[in-house]
Amino acid sequence: MLSYIIRRVLMAIPILIGISILTFSVMHLAPGSPSSMMMSPDISPEVRVAFEERYGLNDPIPVQYVKWMGAMLQGDMGYSLVKVGMPVNEMIMNRLPNTLILMGASTIIAVLISIPLGIASARRQYSLTDYSVTVAAFVGVATPNFWIGLLLIMFFSVNLGWMPSGGIATLNEPFSIVDRLHHLVMPALVLATADMAGLTRYSRSSMLEVIQQDYMRTAKAKGFKENTVIYKHGLRNGLIPIITIFGLMLPSFFAGSVVVEKVFSWPGIGDLLITSVFQRDYPVVMGITMISAVLVVVGNLLADIAYAIFDPRIEY
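In terms of the working numbering, the sequence shown has 259 at position 175, counting the first letter as 1, and numbering is strictly consecutive.
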């Protein structure tokens with residue numbers, strides 16, 4: 085197992101390097117520059133040149149990349165070009181816990197709802213329950229997150245006044261877990277929607293395949309109750325493919341959080357990323373991109389390890 089994990093980690097290194105080169109190149113080839121975004125058009129050329137020399141923006145792009153990557157390997161993501169003197173590490177670490185809380189809550193919601201729905205749909209194939217779950221899953225996949233978020237805000241916040249429309253806590257109020265959860269409900273539910281639909285479909289397909297296996301029919305023939313057969317004999321095998329799918333869904337969780345955080349004014353790194361992109365704050369954008377890439381690679385690595393553990397047919 086240890087050699088398998090080492091091989092997977094070594095395979096992740098060129099992937100991360102490729103992501104860093106691609107993102108760095110795209111950011112620096114985009115129209116506009118930090119100096120043009122931050123400074124008045126009337127600023128003197130001397131001041132503009134001094135700014136670019138201070139942050140190494142006048143160096144060739146390959147040289148800038150090597151300098152940035154060298155600092156990254158030492159844990160230094162540089163300084164923000166907009167909030168002068170503010171370390172990128174500090175900016176991201178201030179926001180990252182909020183994003184992880186949102187992603188964790190949405191993941192729990194998606195798993196707790198989608199897998200039981202998928203199992204119920206598979207057990208009652210071609211029934212009204214099956215068709216209802218299938219239609220709901222397709223609607224969930226086809227509906228954009230931001231649209232669902234705006235609908236929830238209009239209905240529950242504007243019309244009924246039951247839920248806060250945005251933010252992570254009520255302003256000028258002391259810290260309260262209940263208040264934080266109150267603000268977390270709608271963004272977590274919206275973020276979970278699309279992935280919940282996908283997990284439901286995968287759970288249904290996986291359980292349908294398991295239910296038709298000989299060992300399931302043998303268990304039924306022995307007189308076990310249906311729930312015992314499904315949850316004791318079938319569920320573990322049915323969840324094996326979902327483990328891999330779940331790992332592959334981590335990028336969509338992160339990408340979805342960028343939009344959801346903006347809609348609900350959730351102070352996470354998704355909100356910081358969008359703001360930094362518009363401000364051409366290259367160090368912040370690159371830092372967030374690399375952290376998200378690492379999270380995705382680690383998520384897939386954990387999924388592969390879990391798959392190798394639970395499926396005895398996998399050799400490692």
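C-beta atoms are modelled at their ideal positions from N, C-alpha and C, and glycine is treated no differently.
Are the CB atoms of residue j and residue i within a distance shorter than 8 angstroms?
i, j, result
"His317", "Met300", "yes"
"Met280", "Leu236", "no"
"Leu273", "Ile199", "no"
"Gly233", "Val361", "no"
"Ile314", "Arg207", "yes"
"Tyr391", "Ile326", "no"
"Leu385", "Val368", "no"
Using 10 angstroms around the beta-carbon of residue i, count the other beta-carbons present and answer buried if the total reaches 16, otherwise exposed.
i, result
"Tyr163", "buried"
"Glu345", "buried"
"Asn229", "buried"
"Ala278", "buried"
"Gly245", "exposed"
"Ile28", "Since the first residue shown for the chain is 85 and the last is 400, residue 28 is missing from the structure and cannot be characterised."
"Tyr215", "exposed"
"Ser128", "exposed"
"Val381", "buried"
"Val217", "buried"
"Met177", "exposed"
"Ala305", "exposed"
"Ser260", "exposed"
"Leu196", "exposed"
"Ser87", "exposed"
"Ala114", "exposed"
"Thr191", "buried"
"Met175", "buried"
"Ala221", "buried"
"Ser205", "buried"
"Gly159", "exposed"
"Ala303", "buried"
"Leu157", "exposed"
"Met85", "exposed"
"Met95", "exposed"
"Gly169", "exposed"
"Leu255", "exposed"
Just grab the DSSP bridge partners of residue i for me.
i, result
"Tyr163", "Pro171"
Could you give the C-beta distance for residue i and residue j, rounded to a whole number, given that I count them as a contact under 8 angstroms?
i, j, result
"Arg288", "Gly202", "4 angstroms"
"Ile252", "Trp350", "6 angstroms"
"Ser341", "Thr183", "6 angstroms"
"Ala276", "Ile145", "Between Ile145 and Ala276 the Cβ distance is about 39 angstroms, and since that is not below 8 angstroms, they are no contact."
"Gly322", "Val294", "4 angstroms"
"Phe330", "Ala387", "6 angstroms"
"Leu165", "Asp365", "5 angstroms"
"Leu186", "Gly352", "6 angstroms"
"Val150", "Met161", "With 8 angstroms as the limit, Val150 and Met161 do not qualify as a contact, their Cβ atoms being about 15 angstroms apart."
"Gly140", "Gln148", "6 angstroms"
"His266", "Met247", "7 angstroms"
Contact criterion: CB-CB distance below 8 angstroms. Does residue i meet it with respect to chain C?
i, result
"Ile353", "Among the protein chains of the structure shown there is no chain C, as only one such chain exists."
Three CB pairs or more closer than 8 angstroms across the region 97-114 and the region 375-385: Touching, yes, given that three or more Cβ pairs across the two stretches are closer than 8 angstroms.
Meets three-Cβ-pair contact criterion under 8 angstroms: the region 358-375 and the region 303-313: Contact fails between the region 358-375 and the region 303-313, because fewer than three Cβ pairs, one in each stretch, are under 8 angstroms apart.
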